[in-house]
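Student:
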Amino acid sequence: MEARMALSEEGVGRRGRSREPAVVAGTLHGGLPMIRVGSGPPLLVLAGLTPEHRNPTGFDQRMQLRSTAAFAEHFSVYLVNRRPGLPAGTTMTDLAEDLATAIRHDIQGPVMVQGTSTGGFIALQLVLNHPELVSRAVIASAACRLSDPGRRALTRFAERARIGRPRRAWAALAPAIGTGPVTRRLMAPLLAANVGSGTDPADMLATAEAGLAFDVTGELARISVPTLVIGGGRDGFFSPELFRETADGIPAGDLVLDPRKGHLGVLVDQAVQRRTLQFLRSV
Numbered sequence: 004m005e006a007r008m009a010l011s012e013e014g015v016g017r018r019g020r021s022r023e024p025a026v027v028a029g030t031l032h033g034g035l036p037m038i039r040v041g042s043g044p045p046l047l048v049l050a051g052l053t054p055e056h057r058n059p060t061g062f063d064q065r066m067q068l069r070s071t072a073a074f075a076e077h078f079s080v081y082l083v084n085r086r087p088g089l090p091a092g093t094t095m096t097d098l099a100e101d102l103a104t105a106i107r108h109d110i111q112g113p114v115m116v117q118g119t120s121t122g123g124f125i126a127l128q129l130v131l132n133h134p135e136l137v138s139r140a141v142i143a144s145a146a147c148r149l150s151d152p153g154r155r156a157l158t159r160f161a162e163r164a165r166i167g168r169p170r171r172a173w174a175a176l177a178p179a180i181g182t183g184p185v186t187r188r189l190m191a192p193l194l195a196a197n198v199g200s201g202t203d204p205a206d207m208l209a210t211a212e213a214g215l216a217f218d219v220t221g222e223l224a225r226i227s228v229p230t231l232v233i234g235g236g237r238d239g240f241f242s243p244e245l246f247r248e249t250a251d252g253i254p255a256g257d258l259v260l261d262p263r264k265g266h267l268g269v270l271v272d273q274a275v276q277r278r279t280l281q282f283l284r285s286v
């Protein structure tokens with residue numbers, strides 16, 4: 004694992020030492036779906052691309068809560084999605100403004116932010132436009148722009164969503180999310196099955212098009228917030244070079260790069276989570 008951080012393996016507690024934390028579901032100002040768990044300083048976890056802009060339920064909610072369990076022992080974790088009903092032509096700047104307004108109204112910042120995939124784009128835009136609202140940022144499985152293969156994958160997604168085929172749109176992401184022939188073949192039906200019947204693809208399309216237009220490569224030097232970039236060397240949306248370019252371009256940027264992991268695998272890696280948690284707690 005490539006890392007430019009002198010971080011120890013300490014910092015992640017065991018859930019078994021305390022009771023299960025209470026889970027609160029609702030919305031932030033402006034209609035942003037939100038689930039809150041844990042206690043402590045606020046940590047906003049920004050969702051990646053989702054079929055619908057709503058709070059996760061059932062198995063999906065349990066998996067998301069499990070992935071943030073270690074963080075909920077130290078922070079008030081807000082799992083935040085984008086508001087439903089996005090208009091065509093929405094940009095990452097628009098989505099960052101929604102988030103900034105919600106932070107000011109409901110949390111009174113500053114907050115820590117972890118953006119995953121598409122959420123990483125929003126986090127980068129937020130720290131560019133509103134650095135006063137963010138004390139630390141984690142950009143996970145995201146970078147300053149898409150790679151060429153990532154752009155092709157998201158373009159295929161948008162084309163299928165645009166003609167009202169959301170399940171085929173999600174299946175089209177399998178080559179970028181999987182890390183080999185077997186996982187890519189298995190991933191396509193799993194991704195498609197995650198889309199409910201009757202799902203309106205308008206929000207996923209608006210978000211995807213905002214992602215295709217996103218490029219802050221030339222603005223990275225303006226970011227004043229300490230920022231940790233996390234990436235997998237087998238990510239189909241972003242290359243190792245893009246992760247390095249993003250971290251190098253941010254004056255207070257740092258990088259954790261696992262060459263073995265793909266777009267999703269790096270997010271649940273325990274060693275990466277330990278490094279992330281220590282970064283967030285080292286204020």
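Under our numbering, the residue at position 155 of the sequence shown is numbered 158, and the numbers go up by one with no gaps.
Cβ atoms here follow ideal geometry from the backbone N, Cα and C, with glycine treated the same way.
Note that the coordinates shown come from a computational prediction; the quantities given were computed from them, not determined experimentally.
Thinking just about the alpha-carbon of each residue, which of S144, A99, Q117 is nearest to the one in Q128?
Tutor: Residue numbering aside, residue 128 sits at position 125 when the sequence shown is read from its first letter. When only C-alpha atoms are compared, the closest one is A99.
Student: Quick check on M207: buried or exposed, where buried means 16 or more other Cβ atoms within 10 Å of its Cβ?
Tutor: Numbered from 1 along the sequence shown, position 204 holds the residue referred to as residue 207. M207 comes out buried.
Student: Could you check if H133 is buried or exposed, using at least 16 other CB atoms within 10 Å of its CB as the buried criterion?
Tutor: As a position in the sequence shown, residue 133 is number 130, starting the count at 1. Buried.
Student: Which runs of the alpha helix (DSSP H), 4 residues or longer, sit entirely within the segment 47–122?
Tutor: Counting only runs of 4 or more, we get 61–70, 72–75, 95–105.
Student: To the nearest angstrom, how far is the alpha carbon of Q276 from that of R139?
Tutor: In the sequence shown, counting from the first residue as 1, residue 276 sits at position 273. In the sequence shown, counting from the first residue as 1, residue 139 sits at position 136. Straight-line Cα distance between these residues: approximately 15 Å.
Student: Work out the CA separation of L231 and A126 for me, nearest whole Å.
Tutor: By one-based count along the sequence shown, residue 126 stands at place 123. By one-based count along the sequence shown, residue 231 stands at place 228. Cα to Cα, A126 sits roughly 11 Å from L231.
Student: CB F78 to CB G43, shorter than 8 Å?
Tutor: Taking the sequence shown and counting its residues from 1, one reaches residue 78 at position 75. Taking the sequence shown and counting its residues from 1, one reaches residue 43 at position 40. Result yes, Cβ atoms of F78 and G43 sit closer than 8 Å.
Student: Taking the straight line between their C-alpha atoms, what separation do you get for V40 and T30?
Tutor: As a working note, residue 40 is residue 37 in the sequence shown. As a working note, residue 30 is residue 27 in the sequence shown. Approximately 14 Å, taken between the alpha carbons.
Student: Measuring only the C-alpha atoms, how far is T287 from G214?
Tutor: A question about residue 287 goes unanswered here, because the residues of the chain that appear run from 4 up to 286.
Student: Under the three-state reduction of DSSP, which class applies to V137: helix, strand or coil?
Tutor: Position 134 of the sequence shown, counted from the start, is the residue given in the question as residue 137. Note: V137 maps to strand in three-state DSSP.
Student: Can you give the beta carbon distance from P59 to Q67, rounded, assuming they're within the 8 Å contact cut?
Tutor: Residue mapping note: residue 59 aligns to position 56 of the sequence shown, counting from 1. Residue mapping note: residue 67 aligns to position 64 of the sequence shown, counting from 1. So it is a contact: roughly 5 Å between Cβ atoms.
Student: Are G235 and K264 close, meaning C-beta to C-beta below 8 Å?
Tutor: As a working note, residue 235 is residue 232 in the sequence shown. As a working note, residue 264 is residue 261 in the sequence shown. A contact, by the Cβ cut-off of 8 Å.
Student: Using CA atoms only, rank isn't needed, just tell me which of V141, A209, L189 is closest to S285.
Tutor: Here the question's residue 285 lines up with position 282 in the sequence shown. Among V141, A209, L189, the Cα nearest to that of S285 belongs to V141.
Student: Could you pull the DSSP bridge partners for M37 from this structure?
Tutor: As a working mapping, residue 37 is identified with position 34 in the sequence shown. According to DSSP, which records beta bridges pairwise, M37 is partnered with G29, V83.
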